[in-house]
Amino acid sequence: MKRRQEILILVTVLVMSMGLAGAAAAGKIQQELTGESTIENALKRGVLRVGISTFVPWAMKDKTGKLIGFEIDVANRLAQDTGVEIEFVPTKWAGIIPALLTGKFDVIIGGMGILPQRNLKVNFTIPYDYSGMSIVAHKQLAAGFKRLEEFNRPEVKIAARLGSTAEMAVRKYMPQARLQLFDDESQVIQELRSGRVHAMVASAPLPTYLALENPEVLFLPLQETFTKEPIGFAVRKGDVDTLNYFNNWIRVVEAEGWLKERKQYWFNTKEWEKQLK
Amino acid sequence: MFEKKIKITVLDATVLLIVTAAGLYLVYRIQAGLHYRWHWSAIPQYLFRYDTVAGSWKPNVLVLGLLTTIRLSIWATALATIIGTVMGLLRVSSGLFNRLIGGTYVEIVRNLPPLVLVFIFYFFIGDQILPALGTERLVSGISGSGRSLLKVLFAPPALLVPFLSALVTLALFEGAYITEIVRSGIQSIEAGQWEAAAALGFTRSQQMRHIILPQAVQRILPPLAGQFISTIKDSAIVSVISIQELTFQGMELMATTYFTFEIWITITGLYLLLTLSCSLAVERLEIRLRKGRAVGRH
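Quick note, the sequences are listed as chains W and Z, same order. Going by the numbering used here, the first sequence opens with residue 1, and the numbers climb by one from there. Going by the numbering used here, the second sequence opens with residue 1, and the numbers climb by one from there.
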């Protein structure tokens, strides 16, 4: 009887010590995960690196070569609240996700629309902004076009930026139309202004600006945007610590009304335009 | 020397007329058909700007881009010359294994589109090598004066790592061509030189160092300088990996201002300014070397 009791105690002690070791290991893993999180590393370095891509009025260079725009304001405020310096890494849109994944920067704050397909490759924060697609067309080529269905024909050519949500929107809403893709927004715009395509699709408010700037060539077939998409920061997958920090930062500045105020400035006024040209 | 009289034939005049007419027609087409509003007056401010805070003129984005292009080209050519010399020597080595290494390098690089090579290096190799070397830690450890020196010679610390990976990529690419320049330079030395050196009792490495290379270098220099001009042109490729050189800066500017044609034309002018002046310098160098050789023979 006594023998059996001894064995029982021994087994209990063994099991318990194993459990403790497990708990200790879990603690260590947690520590490692936190230590390796993007935000922790940014704090250690004292610098947050942000990937952006030039797009009016989200992010653009002014006359002195300084970056300005809605995203730039957001990123600057984020860095300021975090207590780190900011470093912008201007990147071509088509290569921006691979650049994030290979660690060229910590986060994309570049007006990136949250799409399920994209979300399989990166993690998104909660939306800090909503955007929509809008279409601007050539006056002669697309004369009289008023509805999306009229663009959805094989003889209609539509230009958009490669890898953008505009591309997805054209594929979804105008699958019949011939889609032409370019690396930069400026190439897309030039294509339309030269009359080689009937229309271009881009995030609002760019199409509206274009129609206002070139009233003799371009017009807006639809007054409203035809999609609504949430915009979030993109970070590398599996980084819960960073994601949680960004999400709550967005909640805080949203509650303050700061995001709305900045959005008003960049999207509904054109005071900033004289800084550009 | 006789002064040659310049004679204009009917054919010359016709060709000139056709070319001028074609040029004028193109200008007319652009004006009439393109509906393009030109904004040339806006361009100079992107070259230089007046800094109201410092009260002086400062280079703006396009000139900064040009400077980055120059820095990138100089360093890439320097590194490529080292790679090319080593690989070129391997190419003419007596060992089969060495020749295979040199040959494989040249064949792989020369048979790949440079754009593909740039992406492969940027995303994979540059990304694995530079962090392993601890470049980033090294950079953040540098003090104030070192930082400004770094900025003048390479790139601002924030952009140094991408700059270095672009530099290495470009150097590996150009290195393949320099390898061939070095190889052909060495092989162009007459067999008699080798034989004479051997007859004097030199070992193979001594033959190479004292007899062959000094002569080969003279023949290598002009094409090497020409390769430098190629490097300047090829450096535009690295704009795809967001290196802030002239092409990238120009494209960024277009994305903001939509002055597409004005900016492309300005970029063309800036590249030509750079490459043509280098071409002129290379021509001078060739004439000088030829003279030097002629004097040397007497």
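Glycine residues also receive a C-beta, built at the ideal position from the N, C-alpha and C atoms.
Exercise for the section: Assuming residue 83(Z) contacts residue 172(Z) (C-beta within less than 8 Å), just tell me the rounded distance between them. Expected result: 7 Å
Problem - chain W contact residues for residue 305(Z), given Cβ-Cβ distances below 8 Å - result: Absent from the model: residue 305(Z). The displayed extent of chain Z is 1 to 298, so no value can be given.
Practice task
State the DSSP-derived secondary structure class of residue 209(W), mapped to helix, strand or coil.
Solution key: helix
Exercise for the section: Would you kindly work out how many angstroms separate the C-alpha atoms of residue 142(Z) and residue 12(W), rounded to a whole number? Expected result: 57 Å
Practice task
Under 8 Å between beta-carbons, which chain W residues line up against residue 118(Z)? List them in chain order, please.
Solution key: Listed along the chain, the chain W residues whose CB falls inside 8 Å of the CB of residue 118(Z) amount to none; the nearest CB is some 11 Å away.
Problem - Counterpart residues of residue 43(W) in DSSP-defined beta bridges - result: Paired residues: none, contrary to the question.
Practice task
Name the two residues that bound the continuous alpha helix (DSSP H) containing residue 250(W).
Solution key: 240-256
Practice task
Would you check if the distance between the CB atom of residue 151(W) and the CB atom of residue 159(W) is smaller than 9 Å?
Solution key: no
Practice task
Could you check which residue in 58(W), 258(W), 7(W), 91(W) has the C-alpha nearest to that of residue 278(W)?
Solution key: Nothing can be reported for residue 278(W), as the shown portion of chain W is limited to 1 through 277.
Problem - Proximal chain Z residues relative to residue 185(W), where beta-carbon distance stays under 8 Å - result: 255
Practice task
Using a cut-off of 7 Å between C-beta atoms, extract the partners of residue 190(W) located in chain C.
Solution key: In summary, chain C is missing from the structure at hand, where the protein chains are W and Z.
Problem - Below-9 Å beta-carbon distance, residue 298(Z) vs any chain W residue - result: With a pLDDT of 45 at residue 298(Z), under the threshold of 50, the modelled position of that residue is not reliable, and no figure is offered here.
Handout entry: Nearest candidate by alpha-carbon position, reference residue 215(W), set 54(W), 137(W), 86(W)
Key = Residue 215(W) has its Cα closest to that of 137(W), out of 54(W), 137(W), 86(W).
Exercise for the section: For residue 229(Z), collect the residues of the same chain with a Cβ closer than 8 Å to its Cβ; drop the 5 residues on either side in sequence, then sort them by chain order. Expected result: 275, 278, 279, 282
Handout entry: Any C-beta of chain Z under 9 Å from that of residue 194(W)
Key = Using beta-carbon distances, residue 194(W) counts as an interface residue toward chain Z, with a partner under 9 Å.
Problem - Residues bridged to residue 221(W) [DSSP beta-bridge criterion] - result: Answer is none; residue 221(W) lacks a bridge partner.
Problem - Alpha-carbon to alpha-carbon, residue 108(Z) and residue 285(Z) - result: 32 Å
Problem - Residues that DSSP places opposite residue 123(W) in a beta bridge - result: 235(W)
Exercise for the section: Can you tell me the Cβ-Cβ gap for residue 157(W) and residue 178(W), rounded? I've got them flagged as a contact below 8 Å. Expected result: 5 Å
Practice task
State buried or exposed for residue 168(Z), treating a residue as buried only when at least 16 other CB atoms are found within 10 Å of its CB.
Solution key: buried
Problem - Per-residue DSSP class, three states only, for residue 174(W) - result: DSSP, reduced to helix, strand and coil, places residue 174(W) outside both helices and strands of the structure shown, so it counts as coil.
Problem - residue 183(Z), enclosing alpha helix (DSSP H) - first and last residue - result: Per DSSP, residue 183(Z) belongs to the alpha helix (DSSP H) from 160-187.
Problem - Given residue 245(W) as reference, the closest of 93(W), 126(W), 110(W) once Cα atoms are compared - result: Residue 245(W) has its Cα closest to that of 126(W), out of 93(W), 126(W), 110(W).
Exercise for the section: Assign residue 286(W) to one of three DSSP states: helix, strand, or coil. Expected result: Chain W is shown from 1 up to 277; residue 286(W) falls before or after that span and cannot be answered.
Practice task
Closer than 9 Å by beta-carbon distance: list the chain Z residues that pair up with residue 141(W), in chain order.
Solution key: Neighbours of residue 141(W) on chain Z: none; closest Cβ ~12 Å, over 9 Å.
Practice task
May I ask which residues mark the beginning and end of the alpha helix (DSSP H) holding residue 98(W)?
Solution key: 96-101
Exercise for the section: Go to residue 51(Z), then tell me how far its alpha helix (DSSP H) extends in each direction, as first and last residue. Expected result: First-last for residue 51(Z): 48-51, but that is the beta strand (DSSP E), not the alpha helix (DSSP H).
Practice task
Please name the residue or residues paired with residue 199(W) in a DSSP beta bridge.
Solution key: 137(W), 158(W)
Exercise for the section: State buried or exposed for residue 124(Z), treating a residue as buried only when at least 16 other CB atoms are found within 10 Å of its CB. Expected result: exposed
Problem - Any chain W beta carbon closer than 9 Å to residue 42(Z) - result: Interface residue, yes.
Exercise for the section: Name, please, each residue of chain Z whose Cβ falls closer than 8 Å to the Cβ of residue 274(W). Expected result: Here the premise fails: no neighbours, minimum Cβ distance about 12 Å.
Exercise for the section: Please classify residue 84(W): does DSSP put it in a helix, a strand, or coil? Expected result: coil
Handout entry: Delimiting residues of the beta strand (DSSP E) encompassing residue 56(Z)
Key = 56-59
Practice task
Could you tell me whether the Cβ of residue 37(Z) comes closer than 9 Å to any Cβ of chain W?
Solution key: yes
Practice task
Give every residue of the same chain whose Cβ lies closer than 8 Å to the Cβ of residue 58(Z), excluding the five residues on either side of it in the sequence, and list them in chain order.
Solution key: Only 48, 49, 50, 51 meet the Cβ criterion.
Exercise for the section: Would you check if the stretch 233-249 of chain W and the stretch 99-111 of chain W touch, i.e. whether three or more CB-CB distances between them fall below 8 Å? Expected result: yes
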